[in-house]
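Enquirer:
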Amino acid sequence: MASFKQGSGKRVAVVGGGVIGCLTALYLHRLGAKPIILEKGNAGRESSWAGAGILCPIHPWLYPDSFTHLVDTSLSMFPEMNAMLEEQSGLKTEWQSCGLMIPMFADDRIHHREDALAWSERFGWKVEELDSRQTCEFESTMSSQVEGSLLWPEVGQVRNPRLLAAVKQALANAQVPIREQAEVIAVGKNGMGDVSSVELAGGETIEVDAVLLAAGSWSGEFARQIGLELPVEPVKGQVVLLKDEPGKVKHIIKHDDVYLVPRIDGHILVGASMERVGFQPGTTESVVNNLLEATYRITPGLKDAEVIEQWMGFRPGSPDGMPYLGPVDGHPGLFVATGHYRNGVALAPGTADIMSRWILGEAPSIDLSDFRVNRPVVSLDKVGFPAGA
Ligand SMILES: Cc1cc2nc3c(=O)[nH]c(=O)nc-3n(C[C@H](O)[C@H](O)[C@H](O)COP(=O)(O)OP(=O)(O)OC[C@H]3O[C@@H](n4cnc5c(N)ncnc54)[C@H](O)[C@@H]3O)c2cc1C
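Each residue of the sequence shown is one higher than the one before, counting from 33 in our numbering.
(1) Which first and last residues belong to the beta strand (DSSP E) in which Thr-370 is found?
(2) Give the list of continuous beta strand (DSSP E) stretches no shorter than 3 residues that lie fully inside the segment 318 to 375.
(3) Starting from the C-beta of Ala-202, find all residues in its chain whose C-beta is less than 8 Å away, skip the five residues before and the five after it, and write them out in chain order.
(4) Hey, would you say the C-beta of Tyr-356 is under 7 Å away from at least one heavy atom of ligand 1?
(5) Beta carbon of Arg-374: closer than 7 Å to some heavy atom of ligand 1?
(6) Let's see if you can read the secondary structure: which residues bound the beta strand (DSSP E) around Leu-239?
(7) Alpha carbon to alpha carbon, how far is Trp-93 from Val-199?
(8) Expressed to the nearest angstrom, what Euclidean distance is found between the alpha-carbon atoms of Glu-153 and Asp-399?
(9) Sorted by chain position, which residues of the same chain lie with C-beta nearer than 7 Å to Lys-42's C-beta, five sequence neighbours on each side aside?
(10) Hey, would you say the C-beta of Lys-72 is under 7 Å away from at least one heavy atom of ligand 1?
(11) Taking DSSP as the reference, what is the three-state secondary structure of Gly-416?
(12) Within a Cβ cutoff of 8 Å, which residues of the same chain sit near Lys-124, ignoring the five residues on either side of it in sequence?
(13) Given that a residue counts as buried once 16 or more other Cβ atoms are within 10 Å of its Cβ, and exposed if not, what is Met-224?
(14) Straight-line CA distance for Ile-90 to Arg-374?
(15) Between Asp-289, Glu-161, Ala-233, which has its C-alpha nearest Phe-73's C-alpha?
(16) What residue range is occupied by the uninterrupted beta strand (DSSP E) comprising Tyr-59?
(17) Round the Cβ separation of Ser-106 and Leu-379 to the nearest angstrom and send it over; I've been treating them as touching at under 8 Å.
(18) Could you tell me the alpha carbon to alpha carbon distance between Trp-127 and Gly-345, rounded to whole angstroms?
(19) Under 8 Å, with one C-beta from each stretch per pair, do the segment 265 to 284 and the segment 292 to 306 reach the 3-pair mark?
(20) Please report how far the alpha carbon of Ile-86 lies from the alpha carbon of Gln-189, in whole angstroms.
(21) Could you check whether the Cβ of Ile-86 sits closer than 7 Å to any heavy atom belonging to ligand 1?
(22) Does the Cβ of Ile-142 lie closer than 7 Å to at least one heavy atom of ligand 1?
(23) Could you tell me which residues DSSP pairs with Met-136 in its beta bridges?
(24) Name the DSSP bridge partner or partners of Ala-45?
(25) According to the Cβ coordinates, are Ala-369 and Pro-355 closer than 8 Å?
(26) Determine the direct distance from the alpha carbon of Ser-40 to that of Ala-304, and round the result to whole angstroms.
(27) I need the straight-line Cα distance from Pro-418 to Gly-156, nearest angstrom please.
(28) Thr-56 and Leu-357 - do their beta-carbons sit closer together than 8 Å?
(29) Run through the DSSP bridge pairs and tell me what His-299 is partnered with.
(30) Taking 7 Å as the line, does the beta carbon of Gly-220 fall inside it for any heavy atom of ligand 1?
(31) Using DSSP's beta-bridge definition, name the partner residues of Val-219.
(32) Between Phe-311, Ala-337, Glu-338, which lies nearest to Gly-420 when the distance is taken from Cα to Cα?
(33) Taking three-plus beta-carbon pairs below 8 Å as touching, is the segment 281 to 292 in contact with the segment 169 to 187?
(34) To the nearest angstrom, how far is it from the Cα of Ile-68 to the Cα of Trp-343?
(35) For Gln-270, which beta-bridge partners are listed by DSSP?
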C-alpha cells in the first residue's frame, strides 16, 4: 500500500478532526495526496474521544445486510491499521479481542437469541451459547438470576483516547497539517463548478482540489450552509467510568439498558444513553444513576467498584443508523464521510480506506449504494434516531 502513489499532490481539505477525518487524512497521505485537516475545536476530542470503542455494532442483526458487509470489511482492516498506527506513532491503542457477552434474564426487554444466532451463522461470526452456570463462571460479577448468555469470543475493542492519540501522532510524524480552532464555514467553486477552496471563520481561504466533509454531528448543519440536505443530527450519549481490579470483568457485557467495556487496567466504561436533545452539553444525575442501577442489577459484583468520572459525546446520528459515504452529486470534488452514529470507530479503517481511494479516483470495490449521500430518508426503528426529548 505504501508504494501506491495515485494521489500525487492532490490537495484535500478534510473538514473535521475526529477519527473519520484524521484517519482518512492519514490514508490520503499514504496514497501520495496532500491532505490538510481543519478542525473547529481540538482534534479528536468529540464523539471519537467519548465513545466506548466496541468493535461490533450494538445488535447488528437489526440493520440491512449491506451494513454487516461494510462492518466486516472495516474490521478485517483493523490488524493492519493498528500495526501501522503503533509503528508510526510509537503509541499503543489498546486494541484487543476481549469478546462480547449478552446475558439473558427472564424479564429482558429485548430478546435477541434467535435473530442473533441466525445473523451470526449467516455472516460467519463465531458465537457460543452459555448456560447460567457457565455465564457466572465466565463473568464472576454477574447476577445469579442470569438464565444464560450468548458470547462472541472474537469481538474486539479499542480505547478511544489512545486510538486518537496514536492517529494524531502518526499524522504529526508524517507532517500532515492539523489546523485546530479552524472552523470551515464555506466551500468555494471555480468557474467550472468544481470545488476549489474552503473558507474559514475569520476569512482565510485555502485553495484545494477536493473537500471531505467529516464533521461528525455538525455535518447536517454544515451541509445545509452549502445547500445540501444531509439528515445527520447529534444523538447524545452519557458514559460513567468505574474502576475495579484489572480482569474482574473479562468481556464486553451488553444488556437492555447498559453495556460494560472493561479496559486492561481495571477501568470499566459503562454506557450509554441515547438522547435526542440537540447539542445540549453535560451529564445529568438521572441518566448516570440509571446507568449505575442497570450495572448493579446485571453485575451486582461491581457494587463496590469506584465511580471515577462521567462524560458525554454527540454521536453523528442518521435516520437509518448508517453512514453517508461518497461523492455529492452536483458538487464535483465534494465528498462526504459522516453519520457513523454508534459505529464510527468500528467503521473507521474501512471508511478511511474507501474514502481516500475514492477521493483519488478509485471506485470502491464493494457495493456502497445503501450509503450514498442522496439516498431517500428512511427511519429505521431501533437503529435510527431515538424519540426526541
Ligand atoms: C457515548 C458514545 C459511545 C460510542 N460507542 C461506540 C462504540 O462502542 N463503537 C463505535 O464504533 N462507535 C461508538 N460511538 C460512535 C463513534 O464514537 C462515532 O461514530 C465516531 O467517533 C464519529 O467520528 P467522527 O469523526 O465522524 O465525529 P467526531 O469525533 O465528532 O469528529 C467530528 C469533528 O468535526 C469537527 N467539526 C465540526 N464542524 C466543523 C467545521 N465546520 N469545521 C471544522 N471542524 C468541524 C468537530 O469539532 C469534531 O471534532 C460512540 C459514541 C458515543 C458518543
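Ideal placement from N, C-alpha and C gives every residue a C-beta, glycine not left out.
Expert: Here's the rundown:
(1) 366 to 370
(2) 338 to 349, 356 to 359, 366 to 370
(3) Leu-58, Met-116, Leu-117, Gln-120, Ser-121
(4) no
(5) yes
(6) For the sequence presented, residue 239 should be read as Glu rather than Leu. Here the beta strand (DSSP E) through Glu-239 covers 237 to 239.
(7) 30 Å
(8) 22 Å
(9) Ala-65, Lys-66, Asp-241, Ala-242, Leu-392
(10) yes
(11) coil
(12) Glu-118, Arg-194, Ala-198
(13) exposed
(14) 8 Å
(15) The sequence shown places Gly at residue 73, not Phe. Per the Cα distances, Ala-233.
(16) Looking at the DSSP string, Tyr-59 is not in any beta strand (DSSP E); the run it does join, the alpha helix (DSSP H), is 51 to 62.
(17) 5 Å
(18) 21 Å
(19) yes
(20) 5 Å
(21) yes
(22) no
(23) Gly-180
(24) Ile-68, Val-243
(25) yes
(26) 42 Å
(27) 30 Å
(28) no
(29) Lys-275
(30) no
(31) Val-230
(32) Phe-311
(33) yes
(34) 29 Å
(35) Met-344
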